[in-house]
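First residue of the sequence shown? That's 115 in my numbering, and the numbers climb one at a time after it. Note that the Cβ used here is the ideal one computed from N, Cα and C, for glycine as well. Shown next, in structure tokens, is the structure this report addresses.
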Amino acid sequence: MSHDTSSVKRRVLVVGSGGVGTMVSVALERSGQASVTSVLRSNYEQVVKHGFEIESIDHGKLSSWRPSAIVNAVPLADPNVPFDYVIVTMKNIPEVNNIPEIIAPAITPGYTTIVLFQNGLYIEPPIIAAFPSNVVLSAPSYIGAHEHNGHVVHDDHDVFHIGAFHNPSVDAEFERAKLEEFATVYNGSKVVQANVVDDIVFYRWRKLLWNGIFNPMCAITQLDSAAIRLFGGEHSLIRPGMAEMAAIAKADGYDLGPGIVDEIIDVTPLELCFRPSMLVDVDKGNPMEVEVILGNALRVARDKGVHTPVLDNTYRFAKLTQARLLAARGLIVQPKEMPKIDLI
115 MSHDTSSVKR
125 RVLVVGSGGV
135 GTMVSVALER
145 SGQASVTSVL
155 RSNYEQVVKH
165 GFEIESIDHG
175 KLSSWRPSAI
185 VNAVPLADPN
195 VPFDYVIVTM
205 KNIPEVNNIP
215 EIIAPAITPG
225 YTTIVLFQNG
235 LYIEPPIIAA
245 FPSNVVLSAP
255 SYIGAHEHNG
265 HVVHDDHDVF
275 HIGAFHNPSV
285 DAEFERAKLE
295 EFATVYNGSK
305 VVQANVVDDI
315 VFYRWRKLLW
325 NGIFNPMCAI
335 TQLDSAAIRL
345 FGGEHSLIRP
355 GMAEMAAIAK
365 ADGYDLGPGI
375 VDEIIDVTPL
385 ELCFRPSMLV
395 DVDKGNPMEV
405 EVILGNALRV
415 ARDKGVHTPV
425 LDNTYRFAKL
435 TQARLLAARG
445 LIVQPKEMPK
455 IDLI
């Protein structure tokens, strides 16, 4: 399928319009080069009536802001005007949602580029398996943005790396062209920064060194990033866990460098008292992204023969915490017999 998009706005669907999804939509709309349709669920009625109230470190204060279109379900692709990009910003929790099934109605085979603004490691292969003729871009974002009932506080700059996760069925030059095009459109507002990289897996490992340690350990202990260190967790859990994660990455072909643990620890100063997303999920009684953040990394460790005792136990406790959250939501039933819990 060939469509001339040189003189028209790119049609973009954003699936998951919480804080991150909303700010992604803002950046694209304000570039002047994209028309965004946002899929809203719990905040749909509020935003349809009143728009978003946004306080953004990059874009300033926006009142009654709306994307070009708002829908409450993923729309069917229109063969005459297909979506150029489908962006996924919703949380990736396999126990709760199936991302390929959710986005499938909006994908035009061989045409729509899928962009994953999500946490985790090796989250791209299931998307490629489901959509073998489509380009998949990957963007482990560091943006700090939180949404509640249509009110978004965006307090950490929108700067991230983005790359193509190679689909062997798609021409590499075409992947690169779609990557460059998306970054150009996204950066069009001149106040955000999408940095194109050749190997996005390296940057996912870098993010995982923080995300795969602080996130589950804070969720399990219900301590913020400063408290868990001050109460003794830095040298007994945080640093050893990061060293194990760096060892997995190295075995996977990604050497993050000898000083990487100190570097990542210093990213979150003690005075910040940051509450990672998994801890916020526990606060709200929501399921967590245990599998894509920690489980996938440990599957690589098993495959590569890397010994990870700290992360193994962290995963076990995180899975038990996840089971409690899922059971409370009625998503699983508490077993009558004691189950055997394997590591992976």
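Asked	Found
Cβ pair A191, T151 closer than 7 Å	no
Separation of V306 from E287, as counted between CA atoms	25 Å
Residue closest to L412, alpha-carbon to alpha-carbon, out of C387, P383, E377, D366	D366
Buried or exposed (CB count within 10 angstroms, at least 16 for buried), H117	The predicted position of H117 is uncertain, since its pLDDT is 46 and thus under 50; no value can be drawn from it.
DSSP beta-bridge partners of E385	Partner(s): none; E385 has no beta bridge.
Inside the segment 161-220 only - beta strand (DSSP E) runs reaching at least 3 residues	166-170, 174-179, 183-185, 199-202
Proximity winner among H173, V126, D285, relative to R144 (alpha-carbon distances)	H173
Selection from D426, L408, L425, P354 that minimises the alpha carbon distance to I207	L408
Cβ distance (whole Å) where M402 is taken to contact Q448 below 8 Å	M402 to Q448, Cβ: 18 Å. No contact.
Between the CA atoms of G399 and T382 - distance to the nearest angstrom	25 Å
Extent of the continuous beta strand (DSSP E) to which N309 belongs	307-310
I241 (DSSP reduced to helix, strand or coil)	helix
Within the segment 271-334, ranges of the beta strand (DSSP E) (whole runs, at least 3 residues)	273-278, 307-310
Same chain only: Cβ atoms within 6 Å of S339, ignoring 5 sequence neighbours per side	F328, T382, F388
DSSP beta-bridge partners of I228	V200, V250
F166 to V126 span [Cα, whole Å]	18 Å
Minimum C-alpha distance to H271 - residue among Y368, I257, A341	I257
Euclidean distance between Cα positions of T203 and L445	22 Å
Three-state class that DSSP yields for H349 in the structure shown	helix
Contact under 7 Å by Cβ, V249 with T227	yes
Cβ-based neighbour list, G135, same chain, cut-off 6 Å, excluding 5 preceding and 5 following	V128, T203
Local conformation of E92 per DSSP, three classes	Absent from the structure is residue 92, since the part of the chain shown begins at 115 and ends at 458.
The segment 422-433 contacting the segment 354-369, beta-carbon criterion three pairs below 8 Å	yes
Residue(s) in a DSSP beta bridge with E358	E358 is not bridged to any residue.
Rounded straight-line distance, which links the Cα of L370 to that of R320	7 Å
Distance CB(V267)-CB(E169) smaller than 7 Å	yes
Cβ-based burial, D198 [other Cβ within 10 Å; buried from 16]	buried
6 Å CB neighbourhood of V396 in its chain, flanking five on each side removed	A333
According to DSSP, residues forming a beta bridge with R430	Answer by DSSP bridge pairing: none, since R430 is not bridged.
Per-residue DSSP class, three states only, for T222	coil
N-terminal and C-terminal residue of the alpha helix (DSSP H) that G133 is part of	133-144
Candidates S252, N186, V284, S139: closest to R467 by CA position	Coverage of the chain is limited to positions 115 through 458, which leaves residue 467 absent and any answer about it impossible.
8 Å contact criterion, which Y80 and H275 should meet: CB distance rounded	Here the chain has residues from 115 to 458 only, and residue 80 is not among them.
Buried/exposed call for T298, threshold 16 Cβ in 10 Å	exposed
Residue span of the alpha helix (DSSP H) that contains L408, given as start and end	Unbroken run through L408: none, as it is neither H nor E.
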